[in-house]
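Quick note, the sequences are listed as chains A and B, same order. One point on numbering: in UniProt numbering, the residue at position 33 of the first sequence is 33, and numbering is uninterrupted. One point on numbering: in UniProt numbering, the residue at position 33 of the second sequence is 33, and numbering is uninterrupted. The C-beta atom is built at its ideal place from N, Cα and C for all residues, glycine as well. Fair warning: this is a prediction, and the values are worked out from it, not measured in the lab. Note sheet for the following structure.
Number of protein chains: 2
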Amino acid sequence: MKARVHVMLKNGVLDPQGAAVRHALGALGFDGVERVRQGKVIDLDLAEGTTEAQVRDMCEKLLANTVIESYSIELG
Amino acid sequence: MKARVHVMLKNGVLDPQGAAVRHALGALGFDGVERVRQGKVIDLDLAEGTTEAQVRDMCEKLLANTVIESYSIELG
Chain A
1 MKARVHVMLK NGVLDPQGAA VRHALGALGF DGVERVRQGK VIDLDLAEGT
51 TEAQVRDMCE KLLANTVIES YSIELG
Chain B
1 MKARVHVMLK NGVLDPQGAA VRHALGALGF DGVERVRQGK VIDLDLAEGT
51 TEAQVRDMCE KLLANTVIES YSIELG
């Protein structure tokens, strides 16, 4: 089975990477880019029978820094 | 309007970040993690009327290195 985890900085946490991307897009002539947030996506191939609770545990223990990051899990 | 872009290393391109995550999950006792690929997710807030073609152009010019990375676009 597969799981996809998104890890994003929480709202209110400064995102310098996103700001740099927004700036660079403007410099390349792309107008109308109002806000950019950059995060991580982690695709996991898991043994059959792995539960969403286990994936949540992986996020809490390793994949996300829950002080400043939020995560979401999609099982596929 | 919003767009979400996923940028992943192409299959066959070594993903040392993904390998490190897989190894760390194993060390934490999570068995059955067979493969991990890590990529970037970029959330864009765009002016109304921005087209998917423009977002594709942003990917080609800045967001993805299309030699080694593939990207996908979701408009929301």
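- According to the DSSP assignment, B/M58 belongs to no beta strand (DSSP E) but to the alpha helix (DSSP H) extending over E52 to M58.
- Of all residues in the segment 27-53 of chain B, the ones placed with a Cβ closer than 9 angstroms to any Cβ belonging to chain A are L28, F30, D31, G32, V33, E34, R35, V36, R37, Q38, G39, K40, V41, I42, D43, L44, D45, L46, A47, E48, G49 and T50, in chain order.
- With a cut-off of 8 angstroms on Cβ pairs, the segment 32-42 of chain B is in contact with the segment 3-20 of chain B, counting three or more such pairs.
- The Cβ of A/K61 sits closer than 8 angstroms to at least one Cβ of chain B.
- Between the C-alpha atoms of A/L63 and B/K2 there is a straight-line separation of about 25 angstroms.
- If you compare the alpha carbons of B/E69, B/S72, B/D57 and B/L75 with that of A/L25, the shortest gap goes to B/D57.
- Nearest CB-CB separation between B/L14 and chain A: not below the 8 angstroms threshold.
- Contact between B/E34 and A/D15 is absent: CB atoms are separated by about 31 angstroms, not below the 8 angstroms threshold.
- Assignment of B/A3 by DSSP, reduced to helix, strand and coil, places it in the strand class.
- For A/G18, the enclosing alpha helix (DSSP H) begins and ends at P16 to A27.
- Against chain B, the beta carbon of A/L25 has neighbours under 8 angstroms at M58 and L62, listed in chain order.
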